[in-house]
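Colleague:
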Amino acid sequence: MYEVYVAESFEAAHRLVGDFGPATRLHGHTYRVEVIVRGETLKDDGTLYDLGELGQNVKNLAAELHYRNLDEIEGLAGRNTTAEAVADFIWERLAPPLRKENLSALTVRVWENPNAWAAREDGLSREAGS
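Everything in the sequence shown is counted per the working numbering, starting at 944 for the first residue and increasing by one.
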């Protein structure tokens, strides 16, 4: 199994709904997003996937979230913006073009601070995107 990894950061605010103590008040994080794509075989050029393209896609998505209130972002509004929900949102945004490649899985890990993260990992079967 081969892997390609990129990371990016963004600053954003949110508030949680439910029994989350002080986190129910509006607060912010310096989020770190780590993205890993996996696959069984390399292309003829010796790469799994274009690292520059993946990095640019993650950078563009992080820029859309930078200095925003996550509770107001289309696709997150109306959800409890937990780290799990943010990881799911990013996964769903990155997955469609990756399904066209010879890749088996995508992992998105979202760090809210240096000691806490949540992730979504799922397969990239072409049928799932059809």
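Note that CB positions come from ideal geometry on N, CA and C, so glycine has one too.
Since the structure is predicted, the reported quantities are computational estimates derived from the model, not experimental observations.
Can the beta-carbon of V1001 be found less than 8 Å from the beta-carbon of V976?
Modeller: Cβ atoms of V1001 and V976: closer than 8 Å.
Colleague: Measuring only the C-alpha atoms, how far is G998 from V949?
Modeller: 6 Å
Colleague: For L884, which residues does DSSP report across the bridge?
Modeller: Past the edges of the chain, shown from 944 to 1073, lies residue 884, and the structure says nothing about it.
Colleague: Which residues share a DSSP beta bridge with N1056?
Modeller: A1059
Colleague: Using only the alpha-carbon positions, how far apart do N1023 and G995 sit?
Modeller: One C-alpha to the other measures close to 32 Å.
Colleague: Do R958 and D1014 count as a contact pair if the criterion is CB distance below 8 Å?
Modeller: yes
Colleague: Which same chain residues end up closer than 7 Å to T984 when comparing Cβ atoms and leaving out the 5 residues on each side of it in sequence?
Modeller: Listed in chain order, the non-local C-beta contacts of T984 below 7 Å within the same chain comprise N1045, local neighbours out to five positions each way being set aside.
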